[in-house]
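Heads up: the sequence shown begins at 8 in the working numbering, then just goes up one per residue. We put the CB at the ideal spot given by N, CA and C, even for glycine. Predicted, not measured: the structure shown is a model, and the values here were computed from it. Since the structure comes first, as C-alpha coordinates, the remarks are kept for the end.
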Amino acid sequence: MRDIFALQDKVIRQIVAALAVNLTRGEQTSVERAETRNPQAYDAVLRGWAHYRQGPEDETNKAIALFEQAIALDPGYGRAHAAVAAASWRIVQSNWESTTQGGYQRAFDRMEAALVKAMRQPNALAHAVSAEVLSKQGRYEEAFTEIGKAMALAPNDPANYLSKARILNATGRAAEAEESVRWAMRLDPLYSPDYLRALANSLFHQQRYEEAVGTVERLLALKTDVADDYITLIASLGHLGRKGGIPEAIRTHNQLNLAAGINSITVQYSGGWFWYGDMFNYDPAYRDRLMEGLRKAGVPEGAGTDIPFEKYRALMHKSGGYYAVTGATTIDLQQAKTLHDRGVKFVDVRAAPDFARGHVPRAFNLDVATELSRDSLSRIVGKDEEFVLSCHGKTCPDSAIASAKALIWGFKRVYYFAGGFPAWKEAGYPVEASAKN
(Lines of atoms letter the chains of each structure in order from A and count residues from 1; the text may use other names and numbers.)
(Lines give C-alpha, C1' and ligand atoms only; values in the text may rest on other atoms or scores of the structure.)
Protein backbone atom coordinates (compact mmCIF):
# COMPACT_ATOMS: atom_id res chain seq x y z
CA MET A 1 0.00 0.00 0.00
CA ARG A 2 2.97 2.34 0.65
CA ASP A 3 3.98 1.99 -3.02
CA ILE A 4 0.46 2.19 -4.50
CA PHE A 5 1.19 5.27 -6.67
CA ALA A 6 4.43 3.81 -7.98
CA LEU A 7 2.53 0.61 -8.83
CA GLN A 8 -0.18 2.66 -10.57
CA ASP A 9 2.40 4.46 -12.71
CA LYS A 10 4.04 1.14 -13.61
CA VAL A 11 0.73 -0.40 -14.66
CA ILE A 12 -0.18 2.65 -16.77
CA ARG A 13 3.21 2.57 -18.51
CA GLN A 14 2.75 -1.11 -19.30
CA ILE A 15 -0.74 -0.55 -20.69
CA VAL A 16 0.44 2.32 -22.87
CA ALA A 17 3.38 0.26 -24.11
CA ALA A 18 1.12 -2.70 -24.91
CA LEU A 19 -1.33 -0.51 -26.82
CA ALA A 20 1.43 1.24 -28.76
CA VAL A 21 2.67 -2.10 -30.11
CA ASN A 22 -0.73 -2.72 -31.71
CA LEU A 23 -1.24 0.74 -33.17
CA THR A 24 -0.64 1.25 -36.88
CA ARG A 25 1.94 3.80 -37.91
CA GLY A 26 -0.87 6.21 -38.93
CA GLU A 27 -2.60 5.75 -35.59
CA GLN A 28 0.62 6.36 -33.68
CA THR A 29 1.17 9.56 -35.65
CA SER A 30 -2.39 10.66 -34.93
CA VAL A 31 -1.97 10.03 -31.20
CA GLU A 32 1.31 11.90 -31.09
CA ARG A 33 0.02 14.93 -33.03
CA ALA A 34 -1.84 17.20 -30.65
CA GLU A 35 -4.75 19.12 -32.15
CA THR A 36 -3.90 22.12 -29.99
CA ARG A 37 -1.34 23.01 -27.35
CA ASN A 38 -3.82 25.34 -25.66
CA PRO A 39 -5.82 23.51 -22.95
CA GLN A 40 -8.37 26.34 -22.73
CA ALA A 41 -9.06 26.07 -26.45
CA TYR A 42 -9.42 22.31 -26.17
CA ASP A 43 -11.83 22.74 -23.27
CA ALA A 44 -13.90 25.27 -25.23
CA VAL A 45 -14.29 22.80 -28.10
CA LEU A 46 -15.34 20.03 -25.70
CA ARG A 47 -17.92 22.29 -24.04
CA GLY A 48 -19.14 23.47 -27.42
CA TRP A 49 -19.50 19.90 -28.65
CA ALA A 50 -21.71 19.10 -25.65
CA HIS A 51 -24.08 21.87 -26.77
CA TYR A 52 -23.85 20.80 -30.42
CA ARG A 53 -24.90 17.25 -29.55
CA GLN A 54 -28.18 18.51 -28.06
CA GLY A 55 -29.51 19.41 -31.50
CA PRO A 56 -31.80 22.48 -31.29
CA GLU A 57 -31.00 25.85 -32.82
CA ASP A 58 -30.28 27.65 -29.56
CA GLU A 59 -27.86 24.91 -28.46
CA THR A 60 -26.18 25.00 -31.88
CA ASN A 61 -25.64 28.74 -31.57
CA LYS A 62 -24.14 28.28 -28.10
CA ALA A 63 -21.80 25.69 -29.60
CA ILE A 64 -20.67 28.10 -32.32
CA ALA A 65 -19.85 30.75 -29.72
CA LEU A 66 -17.62 28.30 -27.84
CA PHE A 67 -15.94 27.03 -31.02
CA GLU A 68 -15.16 30.62 -31.98
CA GLN A 69 -13.80 31.19 -28.49
CA ALA A 70 -11.45 28.25 -29.04
CA ILE A 71 -10.32 29.74 -32.36
CA ALA A 72 -9.60 33.07 -30.67
CA LEU A 73 -7.36 31.20 -28.22
CA ASP A 74 -5.67 29.13 -30.96
CA PRO A 75 -6.30 30.42 -34.52
CA GLY A 76 -4.66 27.33 -36.02
CA TYR A 77 -6.87 24.83 -34.19
CA GLY A 78 -8.17 22.73 -37.10
CA ARG A 79 -10.86 20.85 -35.21
CA ALA A 80 -12.31 24.10 -33.82
CA HIS A 81 -12.68 25.44 -37.36
CA ALA A 82 -14.21 22.11 -38.44
CA ALA A 83 -16.66 22.32 -35.53
CA VAL A 84 -17.76 25.80 -36.65
CA ALA A 85 -18.28 24.35 -40.12
CA ALA A 86 -20.32 21.43 -38.74
CA ALA A 87 -22.58 23.66 -36.64
CA SER A 88 -23.06 26.17 -39.45
CA TRP A 89 -23.91 23.36 -41.85
CA ARG A 90 -26.57 22.15 -39.45
CA ILE A 91 -28.20 25.61 -39.56
CA VAL A 92 -28.25 25.45 -43.36
CA GLN A 93 -29.67 21.92 -43.46
CA SER A 94 -32.28 22.60 -40.79
CA ASN A 95 -33.60 25.64 -42.68
CA TRP A 96 -33.16 27.83 -39.60
CA GLU A 97 -33.40 31.58 -40.15
CA SER A 98 -31.30 32.13 -37.03
CA THR A 99 -31.53 35.68 -35.74
CA THR A 100 -28.40 35.36 -33.59
CA GLN A 101 -26.22 33.96 -36.35
CA GLY A 102 -27.59 35.80 -39.40
CA GLY A 103 -29.69 33.19 -41.19
CA TYR A 104 -28.73 30.14 -43.18
CA GLN A 105 -27.17 32.07 -46.07
CA ARG A 106 -24.66 33.65 -43.72
CA ALA A 107 -24.31 30.27 -42.03
CA PHE A 108 -23.40 28.74 -45.40
CA ASP A 109 -20.76 31.41 -46.02
CA ARG A 110 -19.37 30.88 -42.51
CA MET A 111 -19.29 27.12 -43.11
CA GLU A 112 -17.32 27.51 -46.34
CA ALA A 113 -14.75 29.81 -44.74
CA ALA A 114 -14.35 27.59 -41.66
CA LEU A 115 -13.90 24.48 -43.80
CA VAL A 116 -11.06 26.08 -45.76
CA LYS A 117 -9.25 26.87 -42.48
CA ALA A 118 -10.00 23.42 -41.04
CA MET A 119 -8.38 21.73 -44.04
CA ARG A 120 -5.08 23.45 -43.29
CA GLN A 121 -4.77 20.96 -40.41
CA PRO A 122 -6.80 18.05 -41.84
CA ASN A 123 -8.92 16.23 -39.29
CA ALA A 124 -11.73 13.71 -39.44
CA LEU A 125 -14.49 16.21 -38.69
CA ALA A 126 -13.37 18.53 -41.49
CA HIS A 127 -13.46 15.68 -44.01
CA ALA A 128 -16.88 14.54 -42.74
CA VAL A 129 -18.41 17.99 -43.12
CA SER A 130 -16.82 18.32 -46.56
CA ALA A 131 -18.38 14.97 -47.52
CA GLU A 132 -21.86 16.11 -46.54
CA VAL A 133 -21.53 19.40 -48.41
CA LEU A 134 -20.33 17.59 -51.55
CA SER A 135 -23.23 15.18 -51.22
CA LYS A 136 -25.75 18.05 -51.21
CA GLN A 137 -24.07 19.40 -54.34
CA GLY A 138 -24.64 16.04 -56.02
CA ARG A 139 -20.90 15.27 -56.15
CA TYR A 140 -21.33 11.85 -54.63
CA GLU A 141 -18.10 10.24 -55.78
CA GLU A 142 -16.13 13.04 -54.14
CA ALA A 143 -18.35 12.81 -51.06
CA PHE A 144 -17.56 9.12 -50.58
CA THR A 145 -13.85 9.89 -51.01
CA GLU A 146 -14.02 12.53 -48.28
CA ILE A 147 -15.93 10.39 -45.82
CA GLY A 148 -13.41 7.63 -46.50
CA LYS A 149 -10.62 10.00 -45.46
CA ALA A 150 -12.53 10.89 -42.30
CA MET A 151 -12.97 7.24 -41.37
CA ALA A 152 -9.30 6.50 -42.04
CA LEU A 153 -8.31 9.25 -39.60
CA ALA A 154 -10.88 8.27 -36.96
CA PRO A 155 -12.25 4.77 -37.63
CA ASN A 156 -14.17 4.63 -34.35
CA ASP A 157 -15.73 8.10 -34.50
CA PRO A 158 -19.51 7.54 -34.66
CA ALA A 159 -20.05 10.92 -36.36
CA ASN A 160 -18.29 9.56 -39.45
CA TYR A 161 -20.73 6.67 -39.72
CA LEU A 162 -23.62 9.12 -39.29
CA SER A 163 -22.33 11.32 -42.14
CA LYS A 164 -21.86 8.26 -44.32
CA ALA A 165 -25.45 7.18 -43.60
CA ARG A 166 -26.76 10.51 -44.86
CA ILE A 167 -24.80 10.18 -48.10
CA LEU A 168 -25.97 6.59 -48.57
CA ASN A 169 -29.59 7.66 -48.09
CA ALA A 170 -29.21 10.38 -50.73
CA THR A 171 -27.77 7.92 -53.25
CA GLY A 172 -30.46 5.26 -52.99
CA ARG A 173 -28.64 2.90 -50.61
CA ALA A 174 -30.94 3.03 -47.60
CA ALA A 175 -30.19 -0.48 -46.30
CA GLU A 176 -26.49 0.37 -46.11
CA ALA A 177 -27.40 3.71 -44.52
CA GLU A 178 -29.33 1.91 -41.80
CA GLU A 179 -26.37 -0.37 -41.14
CA SER A 180 -24.05 2.65 -40.90
CA VAL A 181 -26.23 4.62 -38.50
CA ARG A 182 -26.87 1.60 -36.29
CA TRP A 183 -23.12 1.08 -36.09
CA ALA A 184 -22.79 4.73 -35.05
CA MET A 185 -25.36 4.13 -32.32
CA ARG A 186 -23.37 1.18 -31.00
CA LEU A 187 -20.24 3.30 -30.89
CA ASP A 188 -22.11 6.11 -29.11
CA PRO A 189 -24.96 4.74 -26.97
CA LEU A 190 -25.72 8.27 -25.73
CA TYR A 191 -26.32 9.37 -29.32
CA SER A 192 -27.81 12.74 -30.24
CA PRO A 193 -31.16 13.31 -32.05
CA ASP A 194 -29.34 13.41 -35.41
CA TYR A 195 -28.85 9.64 -35.23
CA LEU A 196 -32.58 8.96 -34.89
CA ARG A 197 -33.21 11.35 -37.77
CA ALA A 198 -30.87 9.46 -40.10
CA LEU A 199 -32.29 6.11 -38.97
CA ALA A 200 -35.88 7.24 -39.59
CA ASN A 201 -34.95 8.36 -43.10
CA SER A 202 -33.28 5.05 -43.94
CA LEU A 203 -36.31 3.12 -42.66
CA PHE A 204 -38.67 5.35 -44.65
CA HIS A 205 -36.71 4.81 -47.85
CA GLN A 206 -36.90 1.04 -47.31
CA GLN A 207 -40.68 1.39 -47.05
CA ARG A 208 -40.62 0.22 -43.45
CA TYR A 209 -43.09 2.93 -42.53
CA GLU A 210 -44.25 1.51 -39.21
CA GLU A 211 -40.67 1.50 -37.92
CA ALA A 212 -40.08 4.94 -39.39
CA VAL A 213 -43.08 6.33 -37.48
CA GLY A 214 -41.86 4.81 -34.23
CA THR A 215 -38.38 6.24 -34.73
CA VAL A 216 -39.69 9.73 -35.56
CA GLU A 217 -41.94 9.64 -32.51
CA ARG A 218 -38.87 8.90 -30.36
CA LEU A 219 -37.17 11.82 -32.04
CA LEU A 220 -40.09 14.21 -31.51
CA ALA A 221 -40.22 13.24 -27.84
CA LEU A 222 -36.81 14.96 -27.57
CA LYS A 223 -38.52 18.29 -28.43
CA THR A 224 -36.92 18.70 -31.84
CA ASP A 225 -37.28 22.08 -33.56
CA VAL A 226 -36.47 20.74 -37.03
CA ALA A 227 -39.67 21.10 -39.04
CA ASP A 228 -38.64 18.46 -41.57
CA ASP A 229 -38.99 15.75 -38.91
CA TYR A 230 -42.73 16.27 -39.26
CA ILE A 231 -42.50 15.79 -43.02
CA THR A 232 -40.98 12.35 -42.42
CA LEU A 233 -43.79 11.53 -39.99
CA ILE A 234 -46.56 12.83 -42.28
CA ALA A 235 -45.26 10.96 -45.33
CA SER A 236 -44.89 7.73 -43.33
CA LEU A 237 -48.43 8.01 -41.98
CA GLY A 238 -49.65 8.76 -45.50
CA HIS A 239 -48.15 5.54 -46.85
CA LEU A 240 -49.67 3.62 -43.94
CA GLY A 241 -53.11 5.07 -44.72
CA ARG A 242 -53.47 6.61 -41.27
CA LYS A 243 -55.20 9.93 -40.75
CA GLY A 244 -54.72 10.22 -37.00
CA GLY A 245 -51.94 12.62 -36.09
CA ILE A 246 -51.53 14.10 -39.57
CA PRO A 247 -53.44 17.40 -39.01
CA GLU A 248 -51.50 18.02 -35.80
CA ALA A 249 -48.18 17.26 -37.50
CA ILE A 250 -48.98 19.59 -40.41
CA ARG A 251 -49.96 22.35 -38.00
CA THR A 252 -46.77 21.98 -35.96
CA HIS A 253 -44.62 21.89 -39.08
CA ASN A 254 -46.18 25.08 -40.40
CA GLN A 255 -45.87 26.83 -37.04
CA LEU A 256 -42.15 26.06 -36.94
CA ASN A 257 -41.57 27.08 -40.54
CA LEU A 258 -43.65 30.23 -40.54
CA ALA A 259 -42.06 31.41 -37.29
CA ALA A 260 -38.75 31.16 -39.13
CA GLY A 261 -40.17 32.82 -42.24
CA ILE A 262 -40.16 29.61 -44.32
CA ASN A 263 -42.82 28.04 -46.56
CA SER A 264 -45.82 26.03 -45.41
CA ILE A 265 -45.81 22.34 -46.30
CA THR A 266 -46.67 21.36 -49.89
CA VAL A 267 -46.07 18.16 -51.83
CA GLN A 268 -44.05 19.78 -54.58
CA TYR A 269 -41.73 21.88 -52.43
CA SER A 270 -41.45 19.94 -49.15
CA GLY A 271 -41.20 16.57 -50.88
CA GLY A 272 -39.33 17.56 -53.99
CA TRP A 273 -36.95 20.33 -53.10
CA PHE A 274 -36.12 20.89 -49.47
CA TRP A 275 -36.15 18.04 -46.96
CA TYR A 276 -33.26 18.19 -44.50
CA GLY A 277 -31.54 20.50 -46.97
CA ASP A 278 -31.57 20.89 -50.73
CA MET A 279 -32.71 17.72 -52.57
CA PHE A 280 -31.76 18.70 -56.15
CA ASN A 281 -29.65 15.59 -56.76
CA TYR A 282 -31.38 13.25 -54.28
CA ASP A 283 -32.17 9.73 -55.44
CA PRO A 284 -35.26 10.18 -57.69
CA ALA A 285 -37.07 7.05 -56.52
CA TYR A 286 -36.68 8.02 -52.88
CA ARG A 287 -37.78 11.58 -53.60
CA ASP A 288 -40.85 10.38 -55.49
CA ARG A 289 -41.72 8.10 -52.59
CA LEU A 290 -41.57 11.05 -50.20
CA MET A 291 -43.81 13.15 -52.42
CA GLU A 292 -46.28 10.30 -52.80
CA GLY A 293 -46.47 9.81 -49.03
CA LEU A 294 -47.26 13.50 -48.54
CA ARG A 295 -49.86 13.31 -51.30
CA LYS A 296 -51.54 10.31 -49.64
CA ALA A 297 -51.56 12.21 -46.35
CA GLY A 298 -53.62 14.98 -47.94
CA VAL A 299 -50.88 17.61 -48.08
CA PRO A 300 -51.65 20.40 -50.61
CA GLU A 301 -49.86 19.96 -53.94
CA GLY A 302 -48.70 23.58 -53.99
CA ALA A 303 -48.78 26.43 -56.50
CA GLY A 304 -47.68 26.30 -60.12
CA THR A 305 -48.28 22.59 -60.45
CA ASP A 306 -49.54 22.87 -64.02
CA ILE A 307 -45.89 22.20 -64.95
CA PRO A 308 -44.62 18.65 -64.33
CA PHE A 309 -41.86 18.51 -61.74
CA GLU A 310 -39.21 17.09 -64.04
CA LYS A 311 -39.97 19.58 -66.81
CA TYR A 312 -38.97 22.69 -64.89
CA ARG A 313 -36.27 20.88 -62.95
CA ALA A 314 -34.60 20.10 -66.30
CA LEU A 315 -33.90 23.82 -66.79
CA MET A 316 -32.03 24.03 -63.48
CA HIS A 317 -28.35 23.25 -63.07
CA LYS A 318 -26.18 23.19 -59.98
CA SER A 319 -22.44 23.69 -59.75
CA GLY A 320 -20.42 24.16 -56.58
CA GLY A 321 -23.60 24.52 -54.55
CA TYR A 322 -25.04 27.32 -56.69
CA TYR A 323 -27.82 27.30 -59.28
CA ALA A 324 -28.09 28.46 -62.87
CA VAL A 325 -31.22 28.37 -65.00
CA THR A 326 -31.15 27.79 -68.76
CA GLY A 327 -32.91 30.71 -70.42
CA ALA A 328 -32.78 33.07 -67.45
CA THR A 329 -30.19 35.82 -67.14
CA THR A 330 -28.20 35.40 -63.93
CA ILE A 331 -27.36 38.80 -62.41
CA ASP A 332 -25.07 39.87 -59.57
CA LEU A 333 -25.70 42.44 -56.85
CA GLN A 334 -24.55 45.47 -58.85
CA GLN A 335 -26.68 44.50 -61.84
CA ALA A 336 -29.66 44.02 -59.53
CA LYS A 337 -29.15 47.51 -58.08
CA THR A 338 -28.91 49.01 -61.58
CA LEU A 339 -32.14 47.30 -62.65
CA HIS A 340 -33.90 48.41 -59.48
CA ASP A 341 -32.80 52.02 -59.98
CA ARG A 342 -34.19 51.80 -63.52
CA GLY A 343 -37.58 50.79 -62.15
CA VAL A 344 -37.53 47.12 -63.11
CA LYS A 345 -39.92 45.10 -60.94
CA PHE A 346 -38.62 42.68 -58.29
CA VAL A 347 -40.60 39.56 -57.36
CA ASP A 348 -39.44 38.04 -54.07
CA VAL A 349 -40.52 34.39 -53.75
CA ARG A 350 -39.81 33.93 -50.03
CA ALA A 351 -42.63 33.10 -47.59
CA ALA A 352 -44.76 36.09 -46.54
CA PRO A 353 -43.53 36.40 -42.90
CA ASP A 354 -39.89 36.59 -43.97
CA PHE A 355 -40.73 39.03 -46.76
CA ALA A 356 -42.61 41.26 -44.30
CA ARG A 357 -39.57 41.45 -42.01
CA GLY A 358 -37.49 42.96 -44.80
CA HIS A 359 -37.36 43.18 -48.59
CA VAL A 360 -36.09 45.21 -51.52
CA PRO A 361 -38.16 48.44 -51.76
CA ARG A 362 -41.27 48.15 -53.96
CA ALA A 363 -40.77 44.39 -54.37
CA PHE A 364 -43.75 42.12 -54.87
CA ASN A 365 -44.13 38.85 -52.97
CA LEU A 366 -45.25 35.47 -54.32
CA ASP A 367 -44.34 32.49 -52.12
CA VAL A 368 -42.81 29.92 -54.49
CA ALA A 369 -44.48 27.02 -52.66
CA THR A 370 -48.00 28.34 -52.17
CA GLU A 371 -48.63 31.38 -54.41
CA LEU A 372 -46.41 31.48 -57.51
CA SER A 373 -48.48 30.54 -60.54
CA ARG A 374 -48.91 31.62 -64.14
CA ASP A 375 -51.89 33.79 -63.20
CA SER A 376 -50.41 35.36 -60.06
CA LEU A 377 -47.19 36.27 -61.88
CA SER A 378 -49.14 37.62 -64.88
CA ARG A 379 -50.95 40.05 -62.58
CA ILE A 380 -47.58 41.61 -61.70
CA VAL A 381 -45.56 41.53 -64.94
CA GLY A 382 -46.22 41.11 -68.63
CA LYS A 383 -44.82 38.29 -70.74
CA ASP A 384 -42.39 40.67 -72.52
CA GLU A 385 -41.54 42.77 -69.44
CA GLU A 386 -38.22 42.65 -67.61
CA PHE A 387 -38.40 41.47 -64.00
CA VAL A 388 -36.10 40.12 -61.28
CA LEU A 389 -36.70 37.00 -59.18
CA SER A 390 -34.98 36.60 -55.79
CA CYS A 391 -35.19 34.68 -52.53
CA HIS A 392 -33.07 33.74 -49.47
CA GLY A 393 -29.68 33.83 -51.19
CA LYS A 394 -27.30 32.08 -53.53
CA THR A 395 -27.72 28.60 -52.00
CA CYS A 396 -31.53 28.79 -51.95
CA PRO A 397 -33.33 26.97 -54.79
CA ASP A 398 -36.53 29.05 -54.58
CA SER A 399 -35.80 31.81 -57.10
CA ALA A 400 -34.18 29.26 -59.45
CA ILE A 401 -37.42 27.23 -59.32
CA ALA A 402 -39.42 30.39 -59.94
CA SER A 403 -37.20 31.38 -62.88
CA ALA A 404 -37.57 27.96 -64.52
CA LYS A 405 -41.33 28.00 -64.13
CA ALA A 406 -41.61 31.58 -65.43
CA LEU A 407 -39.72 30.64 -68.58
CA ILE A 408 -41.98 27.65 -69.25
CA TRP A 409 -45.03 29.89 -68.73
CA GLY A 410 -43.73 32.09 -71.53
CA PHE A 411 -42.13 35.01 -69.68
CA LYS A 412 -39.23 36.08 -71.85
CA ARG A 413 -37.09 38.54 -69.85
CA VAL A 414 -36.38 36.76 -66.58
CA TYR A 415 -33.49 37.91 -64.39
CA TYR A 416 -32.33 35.43 -61.76
CA PHE A 417 -30.79 37.31 -58.81
CA ALA A 418 -29.01 34.47 -57.02
CA GLY A 419 -27.67 36.63 -54.16
CA GLY A 420 -31.22 37.61 -53.26
CA PHE A 421 -32.31 39.72 -50.33
CA PRO A 422 -29.36 38.70 -48.07
CA ALA A 423 -26.84 40.14 -50.57
CA TRP A 424 -28.93 43.28 -50.99
CA LYS A 425 -29.18 43.86 -47.25
CA GLU A 426 -25.51 43.01 -46.65
CA ALA A 427 -24.52 45.70 -49.15
CA GLY A 428 -26.35 48.33 -47.12
CA TYR A 429 -28.92 49.13 -49.82
CA PRO A 430 -32.36 50.48 -48.76
CA VAL A 431 -34.69 47.92 -47.21
CA GLU A 432 -38.42 47.98 -46.54
CA ALA A 433 -40.02 46.15 -43.63
CA SER A 434 -43.76 46.10 -43.99
CA ALA A 435 -46.83 44.03 -44.58
CA LYS A 436 -46.98 41.98 -47.74
CA ASN A 437 -47.68 43.92 -50.99
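Check: Using beta-carbon positions only, say whether PHE115 and THR402 come within less than 8 Å of one another.; Outcome: yes
Check: For ARG173 versus SER137, is the C-beta spacing smaller than 8 Å?; Outcome: no
Check: Helix, strand or coil: how does DSSP classify HIS399 here?; Outcome: coil
Check: Got a sec? Which residues, its chain only, sit under 6 Å from PHE171 by beta carbon, not counting five neighbours each side?; Outcome: The question names Phe, but residue 171 is Lys in the sequence shown. Within the same chain, LYS171 has close Cβ partners ILE154, SER187.
Check: Taking the alpha-carbon positions, what's the ALA321 to ILE415 distance?; Outcome: 11 Å
Check: Is the beta carbon of MET323 closer than 8 Å to that of ALA409?; Outcome: no
Check: Please report how far the alpha carbon of ALA440 lies from the alpha carbon of VAL367, in whole angstroms.; Outcome: 9 Å
Check: Let's see if you can read the secondary structure: which residues bound the alpha helix (DSSP H) around PHE151?; Outcome: 147–160
Check: With distance defined between alpha-carbon atoms, name the residue in ALA182, GLU217, SER380, THR222 nearest to GLY417.; Outcome: SER380
Check: ILE338 by DSSP, collapsed to three states: which one?; Outcome: strand
Check: Is DSSP giving LYS352 helix, strand or coil here?; Outcome: strand
Check: Can you tell me whether DSSP reads ASN68 as helix, strand or coil?; Outcome: helix
Check: Let me confirm a value: LYS124 is counted as buried when at least 16 other C-beta atoms fall within 10 Å, else exposed. Which label applies?; Outcome: buried
Check: Quick one: which unbroken alpha helix (DSSP H) runs of 4-plus residues sit fully inside the segment 271–340? Chain order, please.; Outcome: 274–279, 291–303, 316–320
Check: CA-CA distance, GLY389 and TYR422?; Outcome: 14 Å
Check: In chain order, what residues of the same chain have a beta carbon less than 6 Å from the beta carbon of ALA87, not counting five sequence neighbours either side?; Outcome: VAL52, PHE74, ALA77, ILE78
Check: Report the three-state DSSP secondary structure of PHE211 (helix, strand or coil).; Outcome: helix
Check: For THR333, is the classification buried or exposed, using 16 other Cβ atoms within 10 angstroms of its Cβ as the cut-off for buried?; Outcome: exposed
Check: Rounded to whole angstroms, what is the Cα-Cα separation between ARG97 and LEU132?; Outcome: 13 Å
Check: By the three-class DSSP mapping on this structure, what secondary structure does ASN167 have?; Outcome: helix
Check: Output the distance between the C-alpha atoms of LEU210 and ASN130, rounded to the nearest integer angstrom.; Outcome: 31 Å
Check: The alpha helix (DSSP H) that contains VAL52, what's its start and end?; Outcome: 46–59
Check: The beta strand (DSSP E) with VAL421 in it runs from where to where?; Outcome: 421–424
Check: Leaving out the 5 sequence neighbours to the left and right, which residues in its chain are closer than 7 Å to TYR216 when beta-carbon positions are compared?; Outcome: SER243, HIS246, LEU247
Check: Cα separation between THR273 and ALA90?; Outcome: 33 Å
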